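Data block below; observations after.
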Amino acid sequence: MNLDLQILQSAVASRTAAFRCVTDYQPAGGAGDKVFPPTYEGGRYAREERVNPDTGEICQCVLLDSVQSQANRMELALLEEHYAGKVELPLLVTRFDQDELHKKFTVTSLDAPHRIADALFRDSLLDGTIFRKSETGNVLDHASIGNATRLFGLCPTALLFGVWDSTGPRGGLGVKFQRALVSEIIGYDAIIGKRTSSRIDPASIRREAGPIYERPSQSDDQPPWTLDQSAGTRRRGRGAAGRASDVNHGNILPDIADGGATISKARQTTVLSLAVLRRLRFPLNGSSDSDRETDQLAPKIKKTEPNRQDPNT
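If you're matching positions, the sequence shown starts at 27 in this note's numbering and goes up one per residue.
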């Protein structure tokens, strides 16, 4: 089924609850090859029991790509299409390009962690005015589910992927728009495997060699550590030993630990909630009330905001 604008508008205008896309994958190395799920605090995988939709049985599952990560990937895909000239959409850009900065970079509303509500935009300048205090940037101060017109014109992806203005003047009471598009990838029948690690130091430095001392000052012709106690201030490292491993020298003994997993399949489930989209209202011309037809045809509204807002820090 091809999902085009006409089908989407027809579905939003009807009682259709959602669009769902379910896609099965296998590892790049083929069935049975090991995959490496994302790790969380403590080096742990996100594991849980789920009902296998194919068999109805409970099985061990592992998270391969979270809802947040999937949203970020979709946003980056949109950004690449935008830069390639294949997609036209409003885009906020803040530039960090002052001469005194060693690292110059830009951040857009498609790669900022909190989208348009990100603190990087909040603290940027637009034509010499703090962005959130400018006529353009104060959109989040007044946006709501019942009036999302200006936000739609400035950052429509925030209405699709969700946004919470938690860094604005109202803190945690800032406006929230829930996600309309949710996707995740789960590995089924997960069996956690093993991984090995080791390092052979080409200089044959023993890991416990030392003790190592920190130099009181750094220079361009000497490392920040020394073996000479008279030239150092204290032993390097957390412990009292000051070992070679504290300065990343020495062998690492071969080790085996938990790592990676084999799965029977990886399944991506993507849901576009039309119920969430239907809740959005788009009043026009300063009105407090919206028109039903306008709400249903919001994707066709001609942009009234500039295509590219550029807050400069």
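All residues carry an ideal CB built from backbone N, CA and C; glycine is no exception.
Treat the numbers as computed from the prediction; the structure is a model and nothing was measured.
Go to residue i, then tell me how far its alpha helix (DSSP H) extends in each direction, as first and last residue.
i: F187; result: T183 to F187
i: Y109; result: V93 to Y109
i: V113; result: It is not in any alpha helix (DSSP H) - V113 carries neither H nor E in the DSSP assignment.
i: I33; result: L31 to A39
i: R176; result: T175 to L180
i: H168; result: V165 to H168
Under 8 Å by Cβ, that's how I've got residue i and residue j pegged, so tell me the actual separation to the nearest angstrom.
i: A216; j: V88; result: 4 Å
i: A287; j: Q52; result: In fact, because the Cβ distance is near 13 Å, the residues do not count as touching under 8 Å.
i: S150; j: R141; result: Rounded, the Cβ-Cβ distance is 14 Å, inconsistent with contact.
i: R241; j: A257; result: 7 Å
i: A206; j: L102; result: With a Cβ gap of about 18 Å, A206 and L102 do not count as contacting.
i: N277; j: R221; result: Between R221 and N277 the Cβ distance is about 18 Å, and since that is not below 8 Å, they are no contact.
i: P116; j: L180; result: 6 Å
i: Q187; j: A97; result: The sequence given here places Phe at residue 187; Gln does not occur at that position. F187 to A97, Cβ: 5 Å. Contact.
i: E210; j: D284; result: Contact doesn't hold; Cβ gap of about 23 Å is too wide.
i: D137; j: L104; result: Actually they are not in contact, since the Cβ atoms of D137 and L104 sit about 10 Å apart, beyond 8 Å.
i: R46; j: I212; result: The pair is not a contact, with the Cβ atoms about 15 Å apart (cut-off 8 Å).
Just to confirm the assignment, what range does the beta strand (DSSP E) spanning residue i have?
i: S209; result: L207 to Y214
i: L279; result: I278 to T288
i: R141; result: No beta strand (DSSP E) contains R141, which DSSP labels as neither H nor E.
i: Q294; result: K291 to S299
i: F122; result: L117 to F122
i: I238; result: Careful: I238 lies outside any beta strand (DSSP E) and carries neither H nor E.
i: V61; result: Note, V61: premise wrong, no beta strand (DSSP E); not H, not E.
i: D50; result: A44 to Y51
i: T132; result: F131 to T134
i: V77; result: R73 to V77
i: S223; result: I217 to R225
Could you check the C-alpha separation between residue i and residue j for me, to the nearest Å?
i: D167; j: W190; result: 12 Å
i: P249; j: D125; result: 29 Å
i: T132; j: T65; result: 28 Å
i: T175; j: V93; result: 26 Å
i: F308; j: P182; result: 12 Å
i: Y71; j: P139; result: 22 Å
i: E83; j: Y214; result: 11 Å
i: D153; j: F62; result: 46 Å
i: I327; j: L31; result: For I327, the pLDDT reaches just 45, beneath the cut-off of 50, and the residue's location in the model is therefore unreliable, leaving the point undetermined.
i: Y109; j: A143; result: 22 Å
i: Q86; j: G58; result: 16 Å
i: A229; j: R99; result: 42 Å
i: A184; j: L177; result: 8 Å
i: S160; j: Y239; result: 53 Å
i: T42; j: N28; result: 16 Å
i: S254; j: L279; result: Before going further, note that residue 254 is Asp rather than Ser in the sequence given. Spanning the two alpha carbons is a distance of roughly 27 Å.
i: K130; j: S36; result: 45 Å
i: W251; j: V165; result: 53 Å
i: T193; j: F147; result: 10 Å
i: D247; j: A235; result: 22 Å
i: I282; j: G69; result: 14 Å
i: T155; j: T120; result: 13 Å
i: F203; j: D272; result: 47 Å
i: E74; j: I289; result: 14 Å
i: S40; j: V201; result: 27 Å
i: I218; j: G198; result: 39 Å
i: P79; j: S95; result: 23 Å
i: L310; j: T162; result: 16 Å
i: L127; j: R158; result: 24 Å
i: R334; j: L118; result: In this predicted model, R334 has a pLDDT of only 47, less than 50, meaning its place in the structure is not dependable enough to derive any value.
Are three or more beta carbon pairs between the segment 295-311 and the segment 218-235 nearer than 8 Å?
Segments in contact, no.
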